[in-house]
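Protein chains: 2
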Amino acid sequence: MNTKIRNTPNIVEEIAERTGIAVSTVYAILADRKSCFASRKLKERVKKLADELGYRPNYIAVSLKKGKTGTIGLIVSDMNAETTLGRLENMTKIAHKDSYHIFVACSYNNPDLEDELLREFYYRMVDGIVIAPARFGHESKFLSKLIELKFPIVSVTCIENVDIDFVSTDYFAGGYMAGQHLLEMGYTKPGFLGPEITTTAVKERFEGFTKVLVDNGYKIDDVNVVLVRNETNQEIEKGSDKLLETGVDAVFCTNDRIALLFMKKAIQKGKKIPEQMGIIGFDDTEVGRMSLIPLTSIRQKLAEATTQLYESLKKKIQGQNQPCKMFIKPELIVRESTKRR
Amino acid sequence: MNTKIRNTPNIVEEIAERTGIAVSTVYAILADRKSCFASRKLKERVKKLADELGYRPNYIAVSLKKGKTGTIGLIVSDMNAETTLGRLENMTKIAHKDSYHIFVACSYNNPDLEDELLREFYYRMVDGIVIAPARFGHESKFLSKLIELKFPIVSVTCIENVDIDFVSTDYFAGGYMAGQHLLEMGYTKPGFLGPEITTTAVKERFEGFTKVLVDNGYKIDDVNVVLVRNETNQEIEKGSDKLLETGVDAVFCTNDRIALLFMKKAIQKGKKIPEQMGIIGFDDTEVGRMSLIPLTSIRQKLAEATTQLYESLKKKIQGQNQPCKMFIKPELIVRESTKRR
DNA sequence: CTGAAAGCGCTTACAG
DNA sequence: CTGAAAGCGCTTACAG
Numbered sequence: 072m073n074t075k076i077r078n079t080p081n082i083v084e085e086i087a088e089r090t091g092i093a094v095s096t097v098y099a100i101l102a103d104r105k106s107c108f109a110s111r112k113l114k115e116r117v118k119k120l121a122d123e124l125g126y127r128p129n130y131i132a133v134s135l136k137k138g139k140t141g142t143i144g145l146i147v148s149d150m151n152a153e154t155t156l157g158r159l160e161n162m163t164k165i166a167h168k169d170s171y172h173i174f175v176a177c178s179y180n181n182p183d184l185e186d187e188l189l190r191e192f193y194y195r196m197v198d199g200i201v202i203a204p205a206r207f208g209h210e211s212k213f214l215s216k217l218i219e220l221k222f223p224i225v226s227v228t229c230i231e232n233v234d235i236d237f238v239s240t241d242y243f244a245g246g247y248m249a250g251q252h253l254l255e256m257g258y259t260k261p262g263f264l265g266p267e268i269t270t271t272a273v274k275e276r277f278e279g280f281t282k283v284l285v286d287n288g289y290k291i292d293d294v295n296v297v298l299v300r301n302e303t304n305q306e307i308e309k310g311s312d313k314l315l316e317t318g319v320d321a322v323f324c325t326n327d328r329i330a331l332l333f334m335k336k337a338i339q340k341g342k343k344i345p346e347q348m349g350i351i352g353f354d355d356t357e358v359g360r361m362s363l364i365p366l367t368s369i370r371q372k373l374a375e376a377t378t379q380l381y382e383s384l385k386k387k388i389q390g391q392n393q394p395c396k397m398f399i400k401p402e403l404i405v406r407e408s409t410k411r412r
Numbered sequence: 072m073n074t075k076i077r078n079t080p081n082i083v084e085e086i087a088e089r090t091g092i093a094v095s096t097v098y099a100i101l102a103d104r105k106s107c108f109a110s111r112k113l114k115e116r117v118k119k120l121a122d123e124l125g126y127r128p129n130y131i132a133v134s135l136k137k138g139k140t141g142t143i144g145l146i147v148s149d150m151n152a153e154t155t156l157g158r159l160e161n162m163t164k165i166a167h168k169d170s171y172h173i174f175v176a177c178s179y180n181n182p183d184l185e186d187e188l189l190r191e192f193y194y195r196m197v198d199g200i201v202i203a204p205a206r207f208g209h210e211s212k213f214l215s216k217l218i219e220l221k222f223p224i225v226s227v228t229c230i231e232n233v234d235i236d237f238v239s240t241d242y243f244a245g246g247y248m249a250g251q252h253l254l255e256m257g258y259t260k261p262g263f264l265g266p267e268i269t270t271t272a273v274k275e276r277f278e279g280f281t282k283v284l285v286d287n288g289y290k291i292d293d294v295n296v297v298l299v300r301n302e303t304n305q306e307i308e309k310g311s312d313k314l315l316e317t318g319v320d321a322v323f324c325t326n327d328r329i330a331l332l333f334m335k336k337a338i339q340k341g342k343k344i345p346e347q348m349g350i351i352g353f354d355d356t357e358v359g360r361m362s363l364i365p366l367t368s369i370r371q372k373l374a375e376a377t378t379q380l381y382e383s384l385k386k387k388i389q390g391q392n393q394p395c396k397m398f399i400k401p402e403l404i405v406r407e408s409t410k411r412r
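Structural data, given as structure tokens:
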């Protein structure tokens, strides 16, 4: 009975045969095991043969033996945002130092797909998972199950009703900073433009923004707010028109793209920027930086957040499960679009 | 002698014990093997137990057995470009349909790091590799070795002196289309702005561009060309000034970012766009689309290219090694920055 | 139809 | 110091 169906010729066996030593000795030599006292000459011969025959240690076999795959799964929620690429870059860079490799998959904000991806990563035996959660519908059963199993998993945002560790941008602080900056620049009728408030990240931007206005003597009713149904250009442009009609002299938009579309509309209506209209976005993306009138924005500290997140995940993988719920304040990047003074 | 050091309790063994059947029968049931004629009741009991005990098939063990890991390594050359994210998105999406998962790593255009990443992917037993090659210095020994070994690997660009299969944008055609468009719009003094020509992708853009001008009666010497040392804002702005001084009335830039920086300079110098100055970029990125004066550009057909590349790779993984060297024509996207007529 | 056995390519503990 | 053996968790071919 020979059930041996090799995918490749076994090079280690061949080396053992050719040199007349045991297979396990070959392994010992190739792994530079210190308890291996083969002669220097023999060691060299083995290594040379290995090189000639194109030997590569089978990482899969090692993984099976060690119970660790040296692999981290990253689930992002969309593939458009510059922040996604930033997170990915930071994560691969940091993790590579510890010889981790990164699987990437995207949920497209679809909770069902997210659930499936979590399952797949889990079955593929990744050592840990970093998730940028889908925006809606987090009754994800599998996510809860992973947490219950104490599987190493961390999130880039806080998830409502789910006890997951996270390192998130402090969106409330971001909204507060945006509003404060507009007031400091001397604008007196600040407005808000964004999508309907269905996510915590947007809700907190909004609440931070209104908070600073209230702190400065505004009444909530005095603040002009336009929420658009979705973030298509068309909807945003309609929303911009609507907000412009209210007579605002400054606006905080929930992201840079929305801010730039608003800017275009404002200019079309004859507004001078920043003199007659201050505009501030969120995320500090290249579109804002490259704009003919460079955009003031709130920058998330992605590198710092990713590092913290990674360290937390690494500890979990190593079996130390310290809770980690952390918010990181973003920073204000002042550019032309708000420089009234 | 007990060398059994489990990482986890073996759930399959436990199920076998509890139900009084053999381990291999449990596997047969869990895999829904058709040659398995256990009673329906037994099957259900086994599956329920598996569920309760949190059984997951160990993908690593399966991989070891099958000699395939269901994994593709993607090496990108930088983490800034929108095209990188586009490729990544397309690749994960397509590959996921065949249950492949994607490892992502970045060479940062560093050939040594690229070499290392190729090695790592190879050792990690990925089934295939997709590479966006580092821009310079392709004497990469390991890449050549992989090709020699007929390891499944494909590239997003043609690599000089390396016999690798690829699906690339036809940059020459792109340059040609750009020049043709400027002429058709009635511009008469077209110029070129880009980095020093050290890569094929830039060289071909340039050659396509000059070709169409020559085809239309221009002499090479009549074409104003400014090449900048590197792509920092500062260098590009200096280059823009220099090109503006030559009296060009239109310019083809090797990418959208350069085009927008040039646009800003041209506007500062009082040029009306597109009336007095036509500007065309490359890559059709969001910065160009979102610009106050939307940018005409050349769009790479990334989705199509990635699909072709994936299909070629898949065949290689399956053992059919058909050569695949393919150029895909990009498309012209006309926006405001060249609409003179 | 069921189940014991061999094997995927390694590592580890241990007998000689 | 070397090497045979057992095991990681699965699958496959085959004996009963």
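Which chain is which? The protein sequence lines are C and U, in order.
Going by this note's numbering, the first residue of the first sequence is number 72, and it counts up by one from there.
Going by this note's numbering, the first residue of the second sequence is number 72, and it counts up by one from there.
Where is the CB? At the ideal position from N, CA and C, for every residue including glycine.
What you are looking at is a predicted structure, and each value in this text was computed from that prediction instead of being measured.
- Rounded to whole angstroms, the separation of the alpha carbons of C:ILE338 and C:MET348 is 9 Å.
- Distance from U:GLN379 to U:LYS386 at the Cβ level is roughly 11 Å; contact not present, criterion being Cβ atoms closer than 8 Å.
- Runs of the beta strand (DSSP E) lying entirely within the segment 230 to 273 of chain C and spanning at least 3 residues, in chain order: 236 to 240 and 261 to 266.
- For the pair C:ILE307 and C:LEU332, the CB atoms are nearer than the 9 Å cut-off.
- The alpha-carbon separation between C:TYR171 and C:ALA321 amounts to approximately 46 Å.
- Counting along the chain, U:GLY359 sits inside the alpha helix (DSSP H) bounded by residues 357 to 361.
- According to the DSSP assignment, C:THR163 belongs to no beta strand (DSSP E) but to the alpha helix (DSSP H) extending over 153 to 168.
- With its beta carbon at least 9 Å from every one in chain C, U:GLY310 lies outside the interface.
- Taking 8 Å as the upper bound for CB-CB distance, U:ILE86 and U:ALA132 are not in contact here, some 16 Å apart.
- Judged by DSSP secondary structure, C:ILE388 falls within the alpha helix (DSSP H) whose first and last residues are 373 to 388.
- Among the residues of chain U, those whose CB is under 7 Å from the CB of C:LEU220 are GLY125, following chain order.
- At least 9 Å separates the beta-carbon of C:ALA176 from that of C:GLU153.
- Chain U has a Cβ within less than 9 Å of the Cβ of C:THR155.
- At a C-beta separation below 7 Å, U:TYR193 has these neighbours in chain C: ARG127.
- Here U:ASN304 carries a helix assignment [DSSP, helix/strand/coil].
- Annotated three-state conformation of U:ALA337 is helix, per DSSP.
- Taking a 10 Å sphere around the C-beta of C:LYS335, we find 16 or more other C-beta atoms and assign the residue as buried.
- One thing to note: C:THR317 has its Cβ no nearer than 9 Å to the Cβ of C:VAL299.
- Following the DSSP letters along the chain, one finds U:THR142 inside the beta strand (DSSP E) bounded by residues 142 to 147.
- In this structure U:PHE108 is exposed. Its beta-carbon is surrounded by fewer than 16 other beta-carbon atoms within 10 angstroms.
- The shortest CA-to-CA distance from U:THR325 to any of U:GLN371, U:PRO266 and U:LEU314 is the one to U:PRO266.
- With contacts defined as CB atoms closer than 9 Å, C:THR240 and C:LYS396 fail to qualify as a contacting pair.
- U:ARG370 and U:GLN251 have their C-alpha atoms some 15 Å from each other.
- Your pair C:LEU366 and C:ARG406 checks out as a contact, with CB atoms roughly 6 Å apart and the cut at 8 Å.
- The C-beta of C:THR409 has 16 or more other C-beta atoms within 10 Å across all chains shown, which makes the residue buried.
- Listed along chain C is no residue with a C-beta nearer than 7 Å to that of U:GLU346; the closest approach is about 16 Å.
- Beta-bridge analysis with DSSP links U:SER226 to U:ILE202 and U:PHE237.
- For C:VAL197, there is no enclosing alpha helix (DSSP H), since its DSSP letter is neither H nor E.
- Pairing C:ARG127 with U:TYR289 gives a Cβ-Cβ distance that is not under 9 Å.
- As the crow flies, the alpha-carbon of U:ASP286 is around 22 Å from that of U:ARG411.
- At a Cβ-Cβ threshold of 9 Å, C:LEU145 and C:PHE174 count as neighbours.
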